[in-house]
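Peer 1: Numbered continuously in our numbering, the sequence shown closes out at residue 439.
I am attaching a structure below and will ask some questions about it afterwards.
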Amino acid sequence: MFETLRNAWKVTEIRKKLLFTLFIIIVFRFGSAVTVPFLDVNKVKEWMDSNATGGNFLEYLNVLTGGALSKATLFSLSITPFINSSIIIQLLTYALPPLERLQQEGETGRKKLNQITAIVSMALAIFMSVAYYFTLKSFGAIEYTTGKEGIFAAVVIISSFVAGAMLVVWMGNRINDKGIGNGVSMILFAGIVARFPTDAGTLIELTKNEPSKYLFISIAIVLVFIFMIGFVVFMNESERKIPFQYAKRVVGRKQYGGQNTHIPVKVCMSGVMPIIFAMSFMSLPSTIGMFKGEYANPEGFWQKFYNGFLHFFSTQSMWYAIVYFLLIIAFNYFYVSMQYNPIEIANQLRQNNGGIPGIRPGKPTSDYIHRVLSKITLVGAFFLGVIAIFPIFLGMADDNLRSLSMGGTTMLIVVSVALETVRTLESQMMMRHHKGFLE
Numbered sequence: 001m002f003e004t005l006r007n008a009w010k011v012t013e014i015r016k017k018l019l020f021t022l023f024i025i026i027v028f029r030f031g032s033a034v035t036v037p038f039l040d041v042n043k044v045k046e047w048m049d050s051n052a053t054g055g056n057f058l059e060y061l062n063v064l065t066g067g068a069l070s071k072a073t074l075f076s077l078s079i080t081p082f083i084n085s086s087i088i089i090q091l092l093t094y095a096l097p098p099l100e101r102l103q104q105e106g107e108t109g110r111k112k113l114n115q116i117t118a119i120v121s122m123a124l125a126i127f128m129s130v131a132y133y134f135t136l137k138s139f140g141a142i143e144y145t146t147g148k149e150g151i152f153a154a155v156v157i158i159s160s161f162v163a164g165a166m167l168v169v170w171m172g173n174r175i176n177d178k179g180i181g182n183g184v185s186m187i188l189f190a191g192i193v194a195r196f197p198t199d200a201g202t203l204i205e206l207t208k209n210e211p212s213k214y215l216f217i218s219i220a221i222v223l224v225f226i227f228m229i230g231f232v233v234f235m236n237e238s239e240r241k242i243p244f245q246y247a248k249r250v251v252g253r254k255q256y257g258g259q260n261t262h263i264p265v266k267v268c269m270s271g272v273m274p275i276i277f278a279m280s281f282m283s284l285p286s287t288i289g290m291f292k293g294e295y296a297n298p299e300g301f302w303q304k305f306y307n308g309f310l311h312f313f314s315t316q317s318m319w320y321a322i323v324y325f326l327l328i329i330a331f332n333y334f335y336v337s338m339q340y341n342p343i344e345i346a347n348q349l350r351q352n353n354g355g356i357p358g359i360r361p362g363k364p365t366s367d368y369i370h371r372v373l374s375k376i377t378l379v380g381a382f383f384l385g386v387i388a389i390f391p392i393f394l395g396m397a398d399d400n401l402r403s404l405s406m407g408g409t410t411m412l413i414v415v416s417v418a419l420e421t422v423r424t425l426e427s428q429m430m431m432r433h434h435k436g437f438l439e
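Now the structure itself:
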């Protein structure tokens, strides 16, 4: 990877793209430090410290924003509205025929889908900003709440959050046009990496305070995370090749077909999406419980049931990890089923006079592809599940290490974005290395 970066830096055009991407990331980090007016930052931090715990959705948003949400800055929402809208549109594409037709229209259809995604992301940004405002208002973190000053403060705060979210999306698009890699992924990468010094500081502080207890634990955690990074890289690069060949046919005096090739099936083709779906589902009850009022505190049997229900969806519960692991497997199968259609692949092979050696065309081919996908999906799902629940067990073993509860998910995102960026650099350098490209 470092060799690729060094070689890419020598190419003037690629160096300009790298510097532009770095500039956008620096602007993003500056915006993550600019506080929104009319907010008491200390009270916002106090509220986040007491509520963004246990792996709930609030903690998940804070991690993705690089801690900007807990500081009530201009980029508090970061790229999360756009990510959520992209997920919604992607799911609706397979459910609504009009959106499915747009996806099949090529470049024109993709542009319209991008416009719809941008509109949905703005609607989500407005909704999240209003919800965040009223939450902070109920906690007393807003300086002006009544009269004309209160109305003006509300408009400024909500507008700042919405404008910050849209500005982040704009910066991501600029990276797509003039930078390196996917803009949304790079901004998400920058926000998560900004949290690493905080986690490292937690381990260092614990080691200083209790060296006899945490010295070897900290070393073990670092070694395990290094091993997990290598494991993530290995699984991201792993694939199952389904061989197939095209039949020979003669047209005039020329012979076509007859070549052998394969269909690459990634072991971890769904990426981090199943973890995001499962995390959103599991964190919803605890997030709702975080906003509970006096009406949500019944007495007697219902009080015990309510507390037990919330405890079931807390990362301190063993059942949470088990259900979380099973949901990741289920969502992984769901996401892969949307990406790969064995029947469609089998029909395309038959229409192009292709087939899998030893497998008859038609239904036997689709059944074979379905069996291969099921096995590969199971392996990828177990991989994602292990990566996701390991930090949870780490937090259950020691409450002081609970801040690392999001470590597996964030590490998977960071490594995946890094690998994608390196592949982009390699492809751009290959296009300029004409001799090696032609050979």
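Ideal placement from N, C-alpha and C gives every residue a C-beta, glycine not left out.
Note that this is a predicted model, so its numbers are computed, not measured.
Use the C-beta contact count for F331: other C-beta atoms within 10 angstroms, 16 or more gives buried, fewer gives exposed.
Peer 2: Classification of F331: buried, given that the 10 Å Cβ count is 16 or more.
Peer 1: Enumerate, from N- to C-terminal direction, the unbroken beta strand (DSSP E) stretches of 3 or more residues contained entirely within the segment 324-351.
Peer 2: You should have found no qualifying run.
Peer 1: For the beta strand (DSSP E) containing F231, name the first residue and the last one.
Peer 2: Note, F231: premise wrong, no beta strand (DSSP E); alpha helix (DSSP H) at 211-237.
Peer 1: Checking 7 Å against the spacing of the C-beta atoms, do V336 and S270 come in under that value?
Peer 2: Yes, these two residues count as a Cβ contact at 7 Å.
Peer 1: Can you have a look at K71 and say buried or exposed, based on whether 16 or more other CB atoms are within 10 angstroms of its CB?
Peer 2: K71 should be labelled buried.
Peer 1: Taking 7 Å as the cut-off, decide whether the C-beta atoms of L64 and F161 are in contact.
Peer 2: Not in contact: L64 and F161 (Cβ atoms no closer than 7 Å).
Peer 1: Taking the straight line between their C-alpha atoms, what separation do you get for V44 and S238?
Peer 2: The alpha-carbon atoms of V44 and S238 are separated by roughly 44 Å.
Peer 1: When you compare each of I345, S50, I14, F325 to P364 by their alpha carbons, which one comes out closest?
Peer 2: Closest by alpha carbon: I345.
Peer 1: According to DSSP, is I180 helix, strand or coil?
Peer 2: Of the three classes helix, strand and coil, the one that applies to I180 here is coil, per DSSP.
Peer 1: Rounding to the nearest angstrom, what Cα-Cα distance links G358 and R240 in this structure?
Peer 2: Cα to Cα, the separation comes out at about 17 Å.
Peer 1: Write down every uninterrupted run of the alpha helix (DSSP H) in the segment 102-174 whose length is 4 residues or greater and which is fully enclosed by it, in chain order.
Peer 2: Whole alpha helix (DSSP H) segments, 4+ residues: 107-139.
Peer 1: Any chance the segment 340-356 sits against the segment 222-232, with 3 or more Cβ pairs inside 8 Å?
Peer 2: Contact fails: fewer than three Cβ-Cβ distances are below 8 Å.
Peer 1: Would you kindly work out how many angstroms separate the C-alpha atoms of G150 and Y144, rounded to a whole number?
Peer 2: Using only the alpha carbons, I get a separation of about 5 Å.
Peer 1: Under 7 Å between the Cβ atoms of G106 and A194?
Peer 2: Not in contact: G106 and A194 (Cβ atoms no closer than 7 Å).
Peer 1: Go to P264, then tell me how far its beta strand (DSSP E) extends in each direction, as first and last residue.
Peer 2: 260-266 is the span of the beta strand (DSSP E), which, as asked, contains P264.
Peer 1: Under the DSSP definition of a beta bridge, which residues are partnered with T409?
Peer 2: Paired residues: none, contrary to the question.
Peer 1: Taking all protein chains shown into account, do 16 or more other C-beta atoms lie within 10 angstroms of the C-beta of P97, making it buried, or fewer, making it exposed?
Peer 2: Exposed.
Peer 1: So I389 packs on A321, CB below 8 Å; how close in whole Å?
Peer 2: With 8 Å as the limit, I389 and A321 qualify as a contact, their Cβ atoms being about 5 Å apart.
Peer 1: Going by the beta-carbon positions, is the gap between G179 and F28 smaller than 7 Å?
Peer 2: Going by C-beta atoms, G179 is not nearer than 7 Å to F28.
Peer 1: Quick check on DSSP: helix, strand or coil for T424?
Peer 2: It is helical.
Peer 1: Quick one: Cα of R15 to Cα of W9, how far?
Peer 2: Distance between the alpha carbons of R15 and W9 is about 5 Å.
Peer 1: Quick one: Cα of G362 to Cα of Y340, how far?
Peer 2: Whole-angstrom Cα-Cα distance: 16 Å.
Peer 1: Helix, strand or coil for Y94, going by three-state DSSP, please let me know.
Peer 2: If DSSP states are grouped into helix, strand and coil, Y94 belongs with coil.
Peer 1: Can you give me the C-alpha to C-alpha distance between N182 and E420, rounded to a whole angstrom?
Peer 2: One C-alpha to the other measures close to 8 Å.
Peer 1: When you compare the CB positions of L102 and L113, do they come within less than 7 Å of one another, or not?
Peer 2: It is a contact, given that the beta carbons lie within the stated cut-off.
Peer 1: Determine the direct distance from the alpha carbon of T146 to that of Y94, and round the result to whole angstroms.
Peer 2: The alpha-carbon atoms of Y94 and T146 are separated by roughly 46 Å.
Peer 1: Looking only at its chain, what residues have a beta carbon closer than 7 Å to the beta carbon of N173, apart from the 5 residues adjacent to it on each side?
Peer 2: Around N173: G183.
Peer 1: Kindly indicate which three-state DSSP category T73 falls into: helix, strand or coil?
Peer 2: If DSSP states are grouped into helix, strand and coil, T73 belongs with the strands.
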